[in-house]
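Residue numbers (mature numbering (1 follows the signal peptide of the UniProt record, and there is no 0)): -20 to -1, 1 to 355. Okay, structure first, notes after.
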Amino acid sequence: MKFKLITLFIILCLGFTSCSENETPEPRTPRTILVYMMANNSLNSFASKNIESMIEGATGKNLNGGNLIVYYAPSGSNPELLQIKEENGIVKKFHLKDYEKQNSANPDVMRSVISEVVSQYPADSYGLVLWSHGTAWLPSDYQNKLKAFGQDGNNWMEIDDLAKGLPDDVFNFILFDACYMASIECAYELRDKAEYILASPTETLADGWPYKEMMPQLFATDLQLEKVGETFYNYYLNDSYPYATVSLTKTSELDNLKSVTHDILADKTESDIYSLDLKEMQRLEYLYRSPGMLYDFNDYIKQLATAEQYDRFISCLDKAVVYKAHTPKSYYAAIGNALPINSYCGLTVFVPQESLPKMLEWYQQRVSWYQAVYE
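Below is the structure:
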């Protein structure tokens, strides 16, 4: 009996030693970037292509001593954790871990993965790429085309769930490789989650962001996210499908933008907003032919503000949106057509409409931007 206990003790000690060795953090690096890919959906084949693009760009020189980690949740198999790096002159993906079957759109799962990566791959700065479907803050339980952010099979994340899944004050930037995520509602909801948010206010073509070309910029010592945005824009400007919109939001400026917007809306009634001429606003979303839901933020405020209020609004907006670009047209899959962009500030906003009572109720109850500027 005593021998069995001693043997058990030795086995346990060896087990703990093995775990400790596996969990020893890597040496600290200048930057760790986590790509969180929810690909258990219609984008699955494009995820594989994007990983190959990352491999093409992730030379030792381009990674600049940093770590590129990919949480990959594909269709047909359980999620896995990968590292892409150069070894002996060859860039390849290294398998780090298999996960049990789990819902990658669950905020607790997302937070756990992020915590694990931050702990195991310490760095002076962190970046996060969120890769999946997206429809801004528009809730997944409203209509079957709406996915908020992040589809894992039949599961989605609402924008407030996404905020719960992200730690505060960890990431220098969040890059959305997803449609429609450059909205004022999304940016404000995530204002404590990253210093900068790089995203598209319209649809992003399924080919996604050009990772091969972006890699040296993402890991540059002097990180210039404007250049990452320019690379995305120029990649599609010269493509056979020349459709792209992009903006870079500085989240520390969003409180000032919120305050001036609140002042503009303070004396406005539901009737004032319902009576706005939607034809005078640039529509930037065609998930359905009608009604429109996401419009250019500047166009919306322009119809509601006095001249003095509008000047203050533009001043705050220009400080918050530090980079923006768009091709002449944006493509919308639901209507199978590309439409002109005549007005563009880099962020969309939901325009409350009498014909969207269920959507408005969700907006009022769950979206922090509504509570900050309308109440």
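Glycine residues also receive a C-beta, built at the ideal position from the N, C-alpha and C atoms.
Asked, Found
"Residue 235 burial status per 10 Å Cβ neighbour count (16 or more: buried)", "exposed"
"Option in 243, 129 and 355 with minimal Cα separation from residue 84", "129"
"3-residue-minimum beta strand (DSSP E) runs that sit fully inside the segment 120 to 188, ordered along the chain", "129 to 132, 135 to 137, 151 to 157 and 174 to 179"
"Cβ neighbour criterion (16 or more within 10 Å) applied to residue 65", "buried"
"Cα-Cα separation between residue 229 and residue 5, rounded to whole angstroms", "32 Å"
"Inter-stretch contact at 8 Å, needing at least 3 Cβ pairs: the segment 164 to 174 / the segment 315 to 334", "yes"
"DSSP state of residue 306 mapped onto helix, strand, coil", "strand"
"Which of helix, strand or coil DSSP assigns to residue 279", "helix"
"Beta-bridge pairing of residue 100 - partner residues as DSSP gives them", "Answer is none; residue 100 lacks a bridge partner."
"Burial state of residue 197, where buried means 16 or more other Cβ atoms lie within 10 Å", "buried"
"Cβ-Cβ distance between residue 61 and residue 72 below 9 Å", "no"
"Contact set for residue 168: own chain, Cβ-Cβ below 8 Å, skip 5 residues either direction", "234, 238, 348, 349 and 352"
"Buried versus exposed call for residue 138 [16 or more other C-beta atoms within 10 Å across all chains shown]", "buried"
"DSSP three-state assignment for residue 343, whether helix, strand or coil", "helix"
"Residue 21, buried or exposed, once every other Cβ within 10 Å from all chains shown has been counted against 16", "buried"
"Residue 180: CB within 8 Å of a non-hydrogen atom of the ligand GTP", "In the structure shown, the ligand GTP is absent, as is every other ligand, since no ligand is present at all."
"Residue closest to residue 411, alpha-carbon to alpha-carbon, out of 179, 132, 181 and 107", "For residue 411 there is no data in the structure shown, the boundaries of the chain being -20 and 355."
"Where the alpha helix (DSSP H) through residue 328 begins and ends", "Where residue 328 is concerned, there is no enclosing alpha helix (DSSP H), although the beta strand (DSSP E) it sits in stretches over 328 to 330."
"Three-state class that DSSP yields for residue 202 in the structure shown", "coil"
"Distance, residue 91 Cα to residue -17 Cα", "Residue placement at residue -17 is flagged as unreliable, the pLDDT there being 33, under the threshold of 50; a coordinate-derived value is accordingly withheld."
"Check whether residue 208 and residue 170 have beta carbons under 9 Å apart", "no"
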